[in-house]
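In numbering that gives the first Met the number 0, the protein residues as written are 0 to 205.
Yeah, the Cβ is synthetic: ideal placement off N, Cα and C, and Gly gets one too.
All figures in this text were calculated on a predicted structure; none of them were measured in a lab.
The structure appears below as structure tokens.
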Amino acid sequence: MKKLSLLFLLVSFLTVNTAFAKDRNYKKDLRYKYWKEYRFDTADKKDKGDGGTTIQISGLVGAGADMWTASISHLFAPHEDNCDPLVEAFVVMTPDGKGFCIEIDARAAKLWENARHECIEEGKRLPEVTELKYVCTNAAEYGISVGSSGSEWSSNFVLLGDNAAEAGKVTVAAMGSNSCSSLKAGRISKDDFGGKPEAYAFRCVR
């Protein structure tokens, strides 16, 4: 009887420990799957040897989307030429002749949030850096002069400073300033060093 009791206790112990180990491994797998599903790549990345990558962030970190993102998401898809030739130029971006419309003349300088909102109200958005640089580089083809009146807002999304040199600084890309290779972080907030929000010229695209 005593041997049976000891055997029963041993079997119970092994059963509980096996179940615990399975549960622990299951949770570990869930954590791994969750991490693997939601991680993303950046230009600065490190291979973990499992076919994926983890993030190594330094310098400026993208703050991402906000409530207005959904209202402009469709404006990132190339389309046929439906530009107003009086105020817009059509920029071909795909082999099948699709692209986007960009305003020929830059608008007067405004704070970034006001500039972006003005574009959104008209069913447009601000250009992104690669789009504006392409137009700037091929300005003669499109009859557009980028940066002739200084830098222009060139992104719909903000960047956060996360190091000592950028402490408290919230910025948005701005480019032009008499050169297609000139790019700066336009301040849209006060920072820890007395900097104030800046206003730049801008043009809308669709």
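Between the C-alpha atoms of residue i and residue j, what's the straight-line distance to the nearest angstrom?
i, j, result
"L158", "E121", "25 Å"
"P94", "K195", "43 Å"
"G61", "E79", "Caution applies to G61, whose pLDDT of 38 falls short of 50 and renders its modelled position unreliable; the value that the coordinates give is listed next. Going by the C-alpha atoms only, they are around 31 Å apart."
"I119", "G98", "19 Å"
"P84", "K123", "16 Å"
"C82", "N177", "26 Å"
"S70", "K109", "21 Å"
"T68", "N155", "9 Å"
Pull the bridge partners of residue i from the DSSP assignment, please.
i, result
"Y199", "K109"
"E207", "Residue 207 falls outside the range modelled here, since the chain spans only 0 to 205, and no answer is possible."
"G194", "The partner list for G194 (beta bridge, DSSP) is empty, contrary to what the question assumes."
"L74", "Its beta-bridge partners do not exist; DSSP assigns none."
"S154", "According to DSSP, which records beta bridges pairwise, S154 is partnered with nothing at all."
"S178", "G175"
"R186", "T170"
Within this structure, are the beta carbons of residue i and residue j separated by less than 8 Å?
i, j, result
"A172", "S153", "yes"
"E130", "R202", "no"
"E197", "M174", "no"
Task: Complete beta strand (DSSP E) runs within the stretch 91-151 (minimum length 3 residues, chain order) - done: 98-102 and 106-110
Open item on the list: Check whether the stretch 132-146 and the stretch 109-123 are in contact - that is, three or more C-beta pairs closer than 8 Å.
Closed with: no
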